[in-house]
Structures are given as C-alpha cells and as structure tokens.
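Structure, as structure tokens:
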Amino acid sequence: MMINKHFGQSYEYLIEADFKNSFFYIHSKHIKTNAVSTITNLNFILSEFENCYNQNDEVGETTWFIKDFNNLKKLWEETNEAFENTNFVLYLERQLEIDRASGGWNSEFNF
Numbered sequence: 371m372m373i374n375k376h377f378g379q380s381y382e383y384l385i386e387a388d389f390k391n392s393f394f395y396i397h398s399k400h401i402k403t404n405a406v407s408t409i410t411n412l413n414f415i416l417s418e419f420e421n422c423y424n425q426n427d428e429v430g431e432t433t434w435f436i437k438d439f440n441n442l443k444k445l446w447e448e449t450n451e452a453f454e455n456t457n458f459v460l461y462l463e464r465q466l467e468i469d470r471a472s473g474g475w476n477s478e479f480n481f
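Last residue of the sequence shown? That's 481 in this note's numbering, and every number before it is there in order.
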C-alpha cells in the first residue's frame, strides 16, 4: 500500500494505491470543518485521469479497481504529480466546495 498526503488551501488530500489488490482512492478533508469524503468519483477526477484506466477497469465509484499494474502505476504517478500543480489544486478545491455544499461529506474516515 502506498499513501501520499498533499495540502491545498482549504483541503488536505490522501492518495492511496494498493498495488497488490489493484485499489486506488483519493480522500479529501476540509480543513476548517474536518468533513471528509472519498473524491475518486468526482467528475473532474474521472475526466482528469481517464488516460490511466481502460474499459476493463472498474472506475466511477469511490474505489477504483485498476487491473493492469502499469496503468495503476501510471495513475499513481500522474495523480501525485497533479496534486503538486497549484492550478490543478485550486480548480479541484472550487469543485469540492460545490460538492461539499450538496452534502454527503462526513467525518467518519480517519484521515
């Protein structure tokens, strides 16, 4: 299991990849409220990283199953690289504000 933590202006991010079981997640925590959500199913995330998965993979839900090891590795690398990009994070945080306002965020995940 590989885990990287990234920090934005209003959110913290936890990216997880389990290369043994082919799982991939992105979690986010709103810093002021501690509200947490797994954001892997956010439309922006799905479209931003669509070149890292194929039709045989199971994506669209909070947990992605990437069957090809090389695709999972590529997804891991590209996601972590994107979270180092200020413009990417700022745009994502605007999307997260909209998503958080619509509900479904909680603090049950231990960040």
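Just so it is clear, CB atoms sit at the ideal spot from N, CA and C, and this is done for glycine as well.
Rounded C-alpha distance that separates residue i from residue j
i           : j           : result
residue 425 : residue 435 : 11 Å
residue 455 : residue 449 : 10 Å
residue 474 : residue 391 : 27 Å
residue 451 : residue 429 : 20 Å
residue 463 : residue 395 : 17 Å
residue 433 : residue 393 : 7 Å
residue 471 : residue 465 : 10 Å
residue 467 : residue 377 : 16 Å
residue 421 : residue 447 : 12 Å
residue 459 : residue 381 : 9 Å
residue 407 : residue 476 : 7 Å
residue 416 : residue 439 : 19 Å
residue 469 : residue 409 : 9 Å
Residue j beta carbon less than 7 Å from that of residue i
i           : j           : result
residue 384 : residue 397 : yes
residue 419 : residue 445 : yes
residue 411 : residue 431 : yes
residue 441 : residue 423 : yes
residue 437 : residue 427 : yes
Bridge partner(s) assigned by DSSP for residue i
i           : result
residue 406 : 399, 476
8 Å Cβ shell around residue i - same chain, five flanking residues per side excluded
i           : result
residue 402 : 380
Cut-off 6 Å between Cβ atoms - residues of its own chain near residue i, not counting five sequence neighbours on either side
i           : result
residue 373 : 386
* To do: Please go through the region 421 to 453 and give each complete alpha helix (DSSP H) segment of 4 or more residues, from N-terminal end onward.
  => 439 to 452
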